[in-house]
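Before any comments, here is the structure.
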Amino acid sequence: GGMEKIKQHTFALAHYTYTVLSNLKYANGAPVVRIYSDTDFSNPDVQGPIINFNVLDENGEVLGFSQVDNMASLHNIHVRTGCFCNTGACQMHLDISNEDIQRNLQAGHVCGDNIDLVDGRPTGSVRISFGYMSSFEDAQTFLNFIIATRLPKSDTEIPFQSVTRPTTESVPDEHLSFNNADKLSPILQISDRELRNIPSETETTGSWPPPEPEAESIRAAVSETAVPTCRKGGKPITVAKIYLYPIKSCSAFEVTEWPVGNQGLLYDRNWMVVNQNGVCMTQKQEPRLCLVNPSIDLKQKIMVIQAEGMDPISVSLEDNTGKEAVICESKVCSHRVKTYDCGERIAGWLSVFLGRPCRLIRQSSDMKSKSHQKNTKGLSPATNISLSLVNEAQYLLINVASILQLKEHISARLKEPLEIEELIRRFRANIVISAPESFEEEEWAEISIGALQFQVVGPCSRCQIICIDQQSGERNKEILQSLSAARGRKTNFGIYLMNQPLRSSFSDILSVGSQVLPVLKENTEIQPPTSSEEKCSG
Numbered sequence: 159g160g161m162e163k164i165k166q167h168t169f170a171l172a173h174y175t176y177t178v179l180s181n182l183k184y185a186n187g188a189p190v191v192r193i194y195s196d197t198d199f200s201n202p203d204v205q206g207p208i209i210n211f212n213v214l215d216e217n218g219e220v221l222g223f224s225q226v227d228n229m230a231s232l233h234n235i236h237v238r239t240g241c242f243c244n245t246g247a248c249q250m251h252l253d254i255s256n257e258d259i260q261r262n263l264q265a266g267h268v269c270g271d272n273i274d275l276v277d278g279r280p281t282g283s284v285r286i287s288f289g290y291m292s293s294f295e296d297a298q299t300f301l302n303f304i305i306a307t308r309l310p311k312s313d314t315e316i317p318f319q320s321v322t323r324p325t326t327e328s329v330p331d332e333h334l335s336f337n338n339a340d341k342l343s344p345i346l347q348i349s350d351r352e353l354r355n356i357p358s359e360t361e362t363t364g365s366w367p368p369p370e371p372e373a374e375s376i377r378a379a380v381s382e383t384a385v386p387t388c389r390k391g392g393k394p395i396t397v398a399k400i401y402l403y404p405i406k407s408c409s410a411f412e413v414t415e416w417p418v419g420n421q422g423l424l425y426d427r428n429w430m431v432v433n434q435n436g437v438c439m440t441q442k443q444e445p446r447l448c449l450v451n452p453s454i455d456l457k458q459k460i461m462v463i464q465a466e467g468m469d470p471i472s473v474s475l476e477d478n479t480g481k482e483a484v485i486c487e488s489k490v491c492s493h494r495v496k497t498y499d500c501g502e503r504i505a506g507w508l509s510v511f512l513g514r515p516c517r518l519i520r521q522s523s524d525m526k527s528k529s530h531q532k533n534t535k536g537l538s539p540a541t542n543i544s545l546s547l548v549n550e551a552q553y554l555l556i557n558v559a560s561i562l563q564l565k566e567h568i569s570a571r572l573k574e575p576l577e578i579e580e581l582i583r584r585f586r587a588n589i590v591i592s593a594p595e596s597f598e599e600e601e602w603a604e605i606s607i608g609a610l611q612f613q614v615v616g617p618c619s620r621c622q623i624i625c626i627d628q629q630s631g632e633r634n635k636e637i638l639q640s641l642s643a644a645r646g647r648k649t650n651f652g653i654y655l656m657n658q659p660l661r662s663s664f665s666d667i668l669s670v671g672s673q674v675l676p677v678l679k680e681n682t683e684i685q686p687p688t689s690s691e692e693k694c695s696g
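For the sequence shown, counting from 1, position 514 maps to 672 in the numbering used here; every step adds exactly one.
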């Protein structure tokens, strides 16, 4: 039928999706999405088959586009996010002033990053597009995703699953008109009654949101701001576990004490697996990477790599950037790093286990200081931070109390027990602390552990990797959905740390059992009470 038929087909899909999205409401009547458009989707001559929107919570606050993107990925849906190379339209629809643009830039936001909210206001939006190959099932899949994540339910059927698919083939061209929305309704076969019958949160039978007062207790415990100003009963905060990940996106190596280098824990994420095109592989593309178990033997100066069904193989810790090494440039997120290939033997081993051609590469030590540095918000401009093959920062810290609080919520939604150790491993932290209060770590500006000084550089926004069981490689998208429901508008969990210059001559060793002394963001150091009976005064 040519381009005219393609226009009719894609616009019918967009109009249908737009109509359903526009009518989705929370139990309190608040809209689920805010659509940005210069038209009412009534005329394909002036409206293309795209929908630009942001997802809202029950209070009308915008959920960051990065969170929506992460959740969509779990449902095998590809969306585009940000400002779409159209800053003017972004400013107009999001009501962003020139001064706001400057403030966002000062906050570290640049084009293409995942900083989706600054001071609670969106820096961009989400966009879906339909093409000639798109189908009614694709539109339904997307709408199912929005309803499943924002209006959760258990056994309730989504009404529009049985709606006759939109089509233009049975309608003569001379009768096909998009001058107003009513003339499209016979084609879409969807009525206002069916839209009104989309279940709200009060009609669902799922475990979330919980009944009051249970909901209030969860909100208080999971709140990002409800943090005490001193520790209950004077209980000390200690390091409970230490993990390093010698090979990026592979299994954790747990230790009780470990040397600290200028890039973080010694040998943490010094290696990574790349595909035959030299592109970094992570668990997002290859979940079986979590079944590759590297361990470091400092005495023998080797890394031993093991996996089920494979003979162990070792790689030297000695830097091999001599003449025989092939130096290549790789990318970790947006950072360019200098690396070298670790040879055919380990490449063959990994290729056999993963069932695809791949290679092991290592960061080149003589290029570290100048190839992968990060200007981090909150650090002095003179602070020269060197990173290994990590995405964001030298260290990631999580709190056992926060894990326990989240575990209760996830277990209730899954209706099955969830082991605390499994949950800890999913979050792939370097430092696991034991603190009395959940999420109190989010109010810290600095911490010291023994002689080591760390600066908090921000929260960790989680992606779909936490949905992967680190013992089996199996996915469960409920984990990220539960975190999103528990934390409200963001999927933050854990905090990033950077090393500060040492203030003493003690050896640079991080040990389990060491006391953690935090400093609040207000620069008020938390002092332990002089006795267990002393109460918090504020």
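Each residue gets a CB set at the ideal place from its N, CA and C atoms; glycine is no exception.
These numbers come from a predicted model, not from an experiment.
Residue environment, residue i, which counts as buried when at least 16 other CB atoms sit within 10 Å
i	result
L562	exposed
R503	exposed
L179	buried
D198	exposed
H236	exposed
G282	buried
Y697	Because residue 697 is not part of the residues shown, which for the chain are 159 to 696, the question remains open.
Q628	buried
Q205	buried
N234	exposed
N256	exposed
P452	buried
Closest by C-alpha distance to residue i, when choosing among the options
i	options	result
G608	F411, C516, L668, F511	L668
V268	C241, D499, R192, A172	C241
G270	N244, M291, R279	N244
L402	I623, D426, Y553, V418	D426
D477	S509, W429, I463	W429
N186	E216, I208, A551, C618	E216
E415	V397, I259, E257	V397
F223	M656, N302, S200, L252	L252
A297	L423, P207, I556	P207
Q421	S546, M250, V670	S546
A593	S606, I582, N557	N557
I164	E295, S640, M291, G266	M291
A306	D499, V670, E636	E636
Q464	I304, Q458, L456, C448	C448
L518	V495, V413, K406, V670	K406
P280	R192, Y498, T440	R192
P676	V614, E412, L456	V614
Straight-line gap, residue i to residue j (C-alpha atoms, nearest Å)
i	j	result
G513	Y194	44 Å
A644	L638	10 Å
R446	P515	14 Å
A188	V220	12 Å
W698	I653	Since the first residue of the chain shown is 159 and the last is 696, residue 698 is not available in this structure.
M229	R584	16 Å
L309	Y184	7 Å
Q552	P404	13 Å
S596	N650	13 Å
L576	N262	39 Å
E599	E162	57 Å
S320	V213	With a pLDDT of 36 at S320, under the threshold of 50, the modelled position of that residue is not reliable, and the figure given next carries that caveat. Those two C-alpha atoms are separated by around 25 Å.
L554	L572	27 Å
L655	G616	8 Å
D469	R620	34 Å
Q521	N435	17 Å
D331	G159	Legend: pLDDT at D331 = 42, less than 50; position of this residue unreliable, value from coordinates given subsequently. So the alpha carbons of these two residues sit roughly 11 Å apart.
V226	V284	8 Å
G671	N588	14 Å
Bridge-paired residues (DSSP) for residue i
i	result
G422	G419
P617	I653
Q521	T497
F612	I605, N657
C243	Note: C243 sits in no beta bridge, so no partner.
I624	BP columns for I624 are empty, so no partner.
S453	V462
W429	I405, R520
I208	S287
T414	Answer is none; T414 lacks a bridge partner.
N168	A small correction: the amino acid at residue 168 is Thr; Asn does not occupy that position in the sequence shown. Beta-bridge pairing links T168 to no other residue.
R238	R285
R633	I626
Short CB-CB distance (under 9 Å) between residue i and chain C
i	result
C500	In summary, chain C is missing from the structure at hand, where a single protein chain is found.
- Item | Complete runs of the beta strand (DSSP E) confined to the stretch 265-312 [at least 3 residues] | 283-287
- alpha helix (DSSP H) runs wholly inside the stretch 180-204, at least 4 long, in chain order: none
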